[in-house]
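Worksheet: the structure to be examined is printed underneath.
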Amino acid sequence: MIEDARRLPEDTLIETDLAIIGAGAAGITIARELAGTNISICLLESGGFEFEQDTQNLYTGENSGRWYFPLDKCRLRYFGGSTNHWGGWCRPLTPIDFEERDWVPYSGWPITRADLDPYYERAQTVTETGPFHYDATAFWEKQTGAKMLPLSLGLITTTFFQYSPPTRFGTRYRKDIEQAANVRALLHATVTEIETSETGAEVTGLRVATLEGPSFRVRARRYILATGAIENPRLLLLSNRAQPAGVGNTHDLVGRFFMEHPHVPGVAGMVTSRPEAFNTAYTQHLSLADSIVHAALVPTDALLRRERLQQAVFTIGVIGVYTAENLASAAPADQQRARDIFNLQRDLDPPRATDHPPAGYNDWPPAGALGANCAFGCACEQAPNPDSRVSLSDERDALGLPRARLDWRLSEADKLSLNRIVHAVAEEFGAQGLGRVRPALSDDGNWPEETIGGYHHMGTTRMADSPELGVVDANCKVHGVANLYIAGSSVFTTGGASNPTLTIVALALRLADHVRTQSS
Amino acid sequence: MSLRVSRRTVLAGLAAGIVAAAIGLRLYWPGGDVTREARRLADMLRHPDSAARLGRFYLEVNPREADAALLVTLISPALPPASPSADEALRADLEERIRNDFIYGNTVAVDGWLLSLTEARLCALVSLLRDATPGKDA
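In order, the protein sequence lines correspond to chains A and B. To get the working numbering, take the position in the first sequence, counting from 1, and add 19. To get the working numbering, take the position in the second sequence, counting from 1, and add 31.
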């Protein structure tokens with residue numbers, strides 16, 4: 020059942036077993052999982068079914084750190100949440116991402132990849148991403164009829180993204196929520212305060228408001244906060260009536276450790292005289308085996324451990340193809356050096372017998388291609404940093420609530436790690452005769468100004484066994500608060516270099532299982 | 032009194048030693064016809080204009096290697112006598128050297144591009160031997 024909260028009588032009290040704040044990927048997933056059970060659920064969504072500027076304005080915030088997107092542009096506040104502008108990129112975190120790595124400060128989840136594996140499998144269905152084949156090189160070689168790159172130095176390896184259509188959770192699963200007898204979803208319902216007992220040890224209710232409409236309260240046995248890694252800490256921090264530091268913030272951790280996946284446009288260029296060596300999956304999305312797949316490059320675990328590096332992932336974009344015709348013409352000055360490198364490579368790495376026959380169904384490499392000029396796209400891991408944080412601004416929104424202030428910080432170590440991995444790609448490609456790479460990053464610890472994020476907000480209510488190191492425990496329950504859970508990427512302890520939505524959904528499925536067990 | 036030598040100083044000394052050793056090798060080269068050997072190596076590259084442009088970048092940063100005989104020695108100190116089969120072997124040897132350069136980190140940035148030292152020196156050799164005509168290569 021879905022209702023518009025603006026039609027509720029003023030001061031209504033809604034009593035339920037479970038209150039879920041936020042109807043994005045996490046909130047909708049949990050509600051769907053628990054649909055049909057005997058757990059009564061109230062799902063609270065600040066927006067409506069469509070984008071509304073007044074509601075979206077509640078997301079306006081302040082950036083005080085390095086440049087970041089305006090906070091009302093990098094997320095969406097209506098039914099379905101930010102899946103409404105999701106690109107659909109899926110890839111699980113890898114086992115090493117969950118480990119405590121002594122070279123990555125504050126690393127180490129209290130759960131392992133194996134703990135999440137069954138939920139990742141289920142998340143594939145929720146995100147409509149097809150079978151789980153992220154690191155299945157042999158599988159995709161068979162599907163494409165061509166080999167992946169022969170990377171044998173142990174520095175770099177191939178991984179695969181799989182794509183969601185993308186699933187717009189609000190549209191795709193609206194009917195499920197409407198038809199669930201035990202789910203009452205309220206639109207235009209903005210939670211303005213999490214009320215707790217005097218000690219802060221228990222949530223006692225939610226104050227909820229509508230823009231230009233009634234206010235009401237929700238009282239539940241359990242609460243799940245699922246509003247994203249900027250809004251989750253904002254709501255915890257501003258709910259400071261009983262505890263001045265906010266809910267679950269005994270150790271001043273709420274809002275800290277904000278992480279993104281730094282993206283550096285043009286992190287490296289590459290020319291190759293062996294275009295046939297690049298399976299089409301590296302250059303295009305392929306629809307195969309009930310999935311959409313794209314091959315990418317990542318550092319091996321051995322390299323990460325040996326050189327104490329952080330994660331990164333690279334995709335290959337083709338800028339242009341060298342043919343006999345265009346090589347006969349004068350190259351623009353800015354392409355001359357790439358052409359020189361191409362000529363050098365084909366002189367010194369003469370074309371070999373094609374060891375990877377083109378798959379036939381694709382158009383790569385194009386007929387007559389002697390080589391290609393490419394660019395790498397990248398996203399990488401930033402180490403958890405307590406000074407990279409979300410806090411409360413002095414400005415207030417239309418409901419009188421303090422806005423979010425984001426202070427995004429990257430470290431020199433983050434940058435040096437990425438630069439080393441770019442060079443590892445160059446070494447691997449050079450050694451295999453696959454191409455020559457032009458790393459574009461400076462050798463120091465300074466990030467290029469053009470570094471951006473990917474709308475991947477993580478870490479601000481991080482997961483740890485110890486309340487001194489994290490806001491939630493391994494079950495996503497807030498330390499020291501008996502009946503409050505958090506869903507979404509704010510619980511990520513570290514962020515790896517995988518797009519977060521698949522892990523958000525996997526963790527939501529796991530939390531739903533936990534709540535189901537607890538409720539029974 | 033303590034003697035403090037930085038890692039950078041040690042590496043620089045090592046590099047100087049290698050260059051000096053190479054020069055010594057050159058002085059005692061059995062065949063002695065350095066120009067012919069240099070030409071033989073340079074002819075491995077079929078796009079001399081491109082190579083020469085890259086070589087100039089390399090030599091700007093490494094002016095001490097602006098010596099064809101030195102470069103020949105640094106690229107391949109044991110050049111086999113010329114013959115068609117030997118040239119094939121030489122090409123294979125260069126490919127192996129280039130591969131090993133990338134494996135062992137013997138790389139150099141040439142106008143930003145990460146090249147193996149061997150291929151960068153080949154380019155430098157071409158630039159020394161040839162009065163490059165920009166834009167001639169296809």
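Don't be surprised by glycine CBs; every beta carbon is placed ideally from N, CA and C. None of the values given here were measured: they were computed from a predicted structure.
Going by the beta-carbon positions, is the gap between residue i and residue j smaller than 9 Å?
{"i": "Pro-403 (chain A)", "j": "Thr-512 (chain A)", "result": "yes"}
{"i": "Thr-479 (chain A)", "j": "Gln-364 (chain A)", "result": "no"}
{"i": "Gly-274 (chain A)", "j": "Arg-408 (chain A)", "result": "yes"}
{"i": "Leu-76 (chain B)", "j": "Ala-82 (chain B)", "result": "yes"}
{"i": "Phe-235 (chain A)", "j": "Glu-29 (chain A)", "result": "yes"}
{"i": "Leu-125 (chain B)", "j": "Thr-149 (chain B)", "result": "yes"}
{"i": "Gln-162 (chain A)", "j": "Val-283 (chain A)", "result": "no"}
{"i": "Leu-146 (chain B)", "j": "Arg-358 (chain A)", "result": "no"}
{"i": "Pro-233 (chain A)", "j": "Leu-27 (chain A)", "result": "yes"}
{"i": "Leu-196 (chain A)", "j": "Ala-24 (chain A)", "result": "Leu is not the amino acid found at residue 196 (chain A); the sequence shown has Ile there. No. Outside cutoff."}
{"i": "Gly-173 (chain A)", "j": "Ala-321 (chain A)", "result": "yes"}
{"i": "Val-340 (chain A)", "j": "Ala-394 (chain A)", "result": "no"}
{"i": "Ala-42 (chain A)", "j": "Phe-179 (chain A)", "result": "no"}
{"i": "Leu-206 (chain A)", "j": "Glu-22 (chain A)", "result": "yes"}
{"i": "Ile-338 (chain A)", "j": "Gly-288 (chain A)", "result": "yes"}
Find the nearest neighbour of residue i within the set the options, judged by alpha-carbon distance.
{"i": "Gly-189 (chain A)", "options": "A:Pro-169, A:Ala-287, A:Ala-50, A:Leu-174", "result": "A:Ala-50"}
{"i": "Thr-342 (chain A)", "options": "A:Ala-388, A:Trp-86, A:Val-237, A:Ile-40", "result": "A:Ala-388"}
{"i": "Pro-150 (chain A)", "options": "A:Pro-169, A:Tyr-182, A:Thr-176", "result": "A:Tyr-182"}
{"i": "Ile-471 (chain A)", "options": "A:Leu-528, A:Cys-399, A:Glu-231, A:Tyr-301", "result": "A:Cys-399"}
{"i": "Val-332 (chain A)", "options": "A:Ala-296, A:Leu-346, A:Pro-281, A:Phe-361", "result": "A:Pro-281"}
{"i": "Asp-484 (chain A)", "options": "A:Ser-101, A:Met-477, A:Asn-494, A:Pro-124", "result": "A:Asn-494"}
{"i": "Leu-158 (chain A)", "options": "A:Trp-383, A:Pro-421, A:Met-482, A:Ser-310", "result": "Going by the sequence as given, residue 158 (chain A) is Phe instead of Leu. Nearest C-alpha to Phe-158 (chain A): A:Ser-310."}
{"i": "Ile-129 (chain B)", "options": "B:Arg-152, B:Gly-143, B:Leu-85, B:Gly-86", "result": "B:Arg-152"}
{"i": "Ser-171 (chain A)", "options": "A:Gln-72, A:Ala-506, A:Pro-318", "result": "A:Pro-318"}
{"i": "Ala-155 (chain A)", "options": "A:Pro-111, A:Ala-450, A:Ala-443", "result": "A:Pro-111"}
{"i": "Leu-435 (chain A)", "options": "A:Asp-463, A:Gly-452, A:Gly-419", "result": "A:Asp-463"}
{"i": "Asn-131 (chain B)", "options": "A:Thr-211, A:Glu-446, A:Phe-277, A:Thr-31", "result": "A:Glu-446"}
{"i": "Asn-298 (chain A)", "options": "A:Glu-326, A:Arg-324, A:Gly-336", "result": "A:Gly-336"}
{"i": "Val-4 (chain A)", "options": "A:Leu-323, A:Leu-418, A:Gly-339, A:His-476", "result": "Because residue 4 (chain A) is not part of the residues shown, which for chain A are 20 to 539, the question remains open."}
{"i": "Leu-85 (chain B)", "options": "A:Gln-451, A:Gln-303, A:Ile-360, A:Asp-416", "result": "A:Ile-360"}
{"i": "Pro-185 (chain A)", "options": "A:Leu-521, A:Ile-249, A:Arg-325, A:Gly-173", "result": "A:Leu-521"}
{"i": "Glu-119 (chain B)", "options": "B:Asp-74, B:Leu-156, B:Thr-138", "result": "B:Asp-74"}
{"i": "Ile-33 (chain A)", "options": "A:Trp-383, A:Gly-127, A:Leu-225, A:Asp-426", "result": "A:Leu-225"}
{"i": "Pro-114 (chain A)", "options": "A:Ser-517, A:Ala-531, A:Leu-530", "result": "A:Ser-517"}
{"i": "Ala-347 (chain A)", "options": "A:Asn-362, A:Thr-334, A:Lys-194", "result": "A:Asn-362"}
{"i": "Lys-166 (chain A)", "options": "A:Gly-339, A:Pro-294, A:Ala-394", "result": "A:Pro-294"}
{"i": "Pro-108 (chain B)", "options": "B:Leu-121, B:Ala-97, B:Pro-115, B:Ser-116", "result": "B:Leu-121"}
{"i": "Arg-39 (chain A)", "options": "A:Ala-208, A:Arg-187, A:Pro-129, A:Arg-94", "result": "The residue asked about is misnamed: residue 39 (chain A) is Ile in this sequence, not Arg. When only C-alpha atoms are compared, the closest one is A:Ala-208."}
{"i": "Met-477 (chain A)", "options": "A:Gly-67, A:Glu-231, A:Ile-249, A:Asp-366", "result": "A:Ile-249"}
{"i": "Ala-155 (chain B)", "options": "B:Thr-66, B:Tyr-89, B:Thr-138", "result": "B:Tyr-89"}
{"i": "Gly-247 (chain A)", "options": "A:Leu-316, A:Glu-231, A:Leu-95, A:Trp-86", "result": "A:Leu-95"}
{"i": "Ala-417 (chain A)", "options": "A:Thr-56, A:Gly-67, A:Tyr-78", "result": "A:Tyr-78"}
{"i": "Ala-123 (chain B)", "options": "A:Thr-31, A:Asp-492, A:Arg-85, A:Gly-452", "result": "A:Gly-452"}
{"i": "Val-227 (chain A)", "options": "A:Val-286, A:Cys-61, A:Arg-240", "result": "A:Cys-61"}
{"i": "Glu-469 (chain A)", "options": "A:Tyr-87, A:Ser-412, A:Phe-117, A:Phe-277", "result": "A:Tyr-87"}
{"i": "Asp-382 (chain A)", "options": "A:Pro-519, A:Gln-303, A:Pro-89, A:Asp-366", "result": "A:Gln-303"}
Excluding sequence positions up to five away, which residues of its chain have a Cβ less than 6 Å from the Cβ of residue i?
{"i": "Leu-135 (chain A)", "result": "Ala-525"}
{"i": "Ala-87 (chain B)", "result": "Per the sequence shown, residue 87 (chain B) should be read as Arg rather than Ala. Excluding residues within five positions, the ones whose Cβ falls inside 6 Å are Ser-158."}
{"i": "Ala-45 (chain A)", "result": "Ala-245, Ala-506, Gly-507, Ile-523, Ala-527"}
{"i": "His-152 (chain A)", "result": "Phe-158"}
Leaving aside the five residues before and after residue i along the sequence, list all residues of the same chain whose C-beta is less than 8 Å from its C-beta, in chain order.
{"i": "Ile-58 (chain A)", "result": "Asp-36, Leu-37, Asn-201, Val-534, Arg-535, Ser-538"}
{"i": "Asp-433 (chain A)", "result": "Pro-281, Gln-329, Cys-399, Glu-400, Gln-401, Ala-402, Trp-466"}
Return the chain-ordered list of same chain residues with a C-beta closer than 7 Å to the C-beta of residue i, the five sequence neighbours on each side being excluded.
{"i": "Glu-414 (chain A)", "result": "Glu-81, Arg-422"}
{"i": "Tyr-192 (chain A)", "result": "Ile-47, Arg-51"}
{"i": "Arg-141 (chain A)", "result": "Leu-528"}
{"i": "Glu-69 (chain A)", "result": "Tyr-97"}
{"i": "Asn-251 (chain A)", "result": "Leu-244, Thr-479, Thr-480, Ile-505, Gly-507, Ser-509"}
{"i": "Leu-58 (chain B)", "result": "Confidence is the limiting factor: at Leu-58 (chain B) the pLDDT is only 40, short of 50, which leaves the residue's position unreliable, though a coordinate-based value still follows. Cβ neighbours of Leu-58 (chain B) beyond the five flanking positions: none."}
{"i": "Ala-113 (chain B)", "result": "Arg-71"}
{"i": "Leu-420 (chain A)", "result": "Thr-211, Leu-257"}
With 9 Å set as the bound, which would you pick, yes or no: does the beta-carbon of residue i sit closer than that to a beta-carbon of chain E?
{"i": "Ala-69 (chain B)", "result": "Judged by its chain identifiers, the structure shown contains no chain E, and its protein chains are A and B."}
Three-pair Cβ contact test at 8 Å for the stretch 449-468 of chain A versus the stretch 487-501 of chain A: No contact exists between the stretch 449-468 of chain A and the stretch 487-501 of chain A.
- prompt: Are there three or more Cβ pairs, one per stretch, closer than 8 Å when the stretch 146-156 of chain A is compared with the stretch 101-115 of chain A?
  reply: Judged by Cβ distances under 8 Å, the stretch 146-156 of chain A makes contact with the stretch 101-115 of chain A, as three or more pairs qualify.
With a threshold of 8 Å, are at least 3 pairs of Cβ atoms found where one atom belongs to the stretch 261-279 of chain A and the other to the stretch 217-234 of chain A? With a cut-off of 8 Å, the stretch 217-234 of chain A and the stretch 261-279 of chain A count as touching, because enough Cβ pairs lie within range.
task = Note down, in chain order, all residues in the stretch 314-337 of chain A with a beta-carbon under 7 Å from any beta-carbon belonging to chain B.
result = None of the residues of the stretch 314-337 of chain A has a beta carbon lying less than 7 Å from any beta carbon of chain B.
Short-range partners of chain B found in the stretch 173-204 of chain A, where Cβ spacing is below 9 Å
Flagged: no residues at all.
Subject >> Proximal residues, the stretch 442-453 of chain A versus chain B, C-beta separation under 7 Å >> reply: Answer set for the stretch 442-453 of chain A: His-442, Ala-445, Glu-446, Gly-449, Ala-450.
- prompt: Name the residues in the stretch 146-159 of chain B whose C-beta lies less than 8 Å from a C-beta of chain A; which are they?
  reply: Answer in chain order: Leu-146, Ser-147, Glu-150, Leu-153, Cys-154.
Using Cβ-Cβ distances below 9 Å, what residues of the stretch 456-487 of chain A are close to chain B?
-> Residues of the stretch 456-487 of chain A with a C-beta atom less than 9 Å from some C-beta of chain B are Val-456, Arg-457, Pro-458, Ala-459, listed in chain order.
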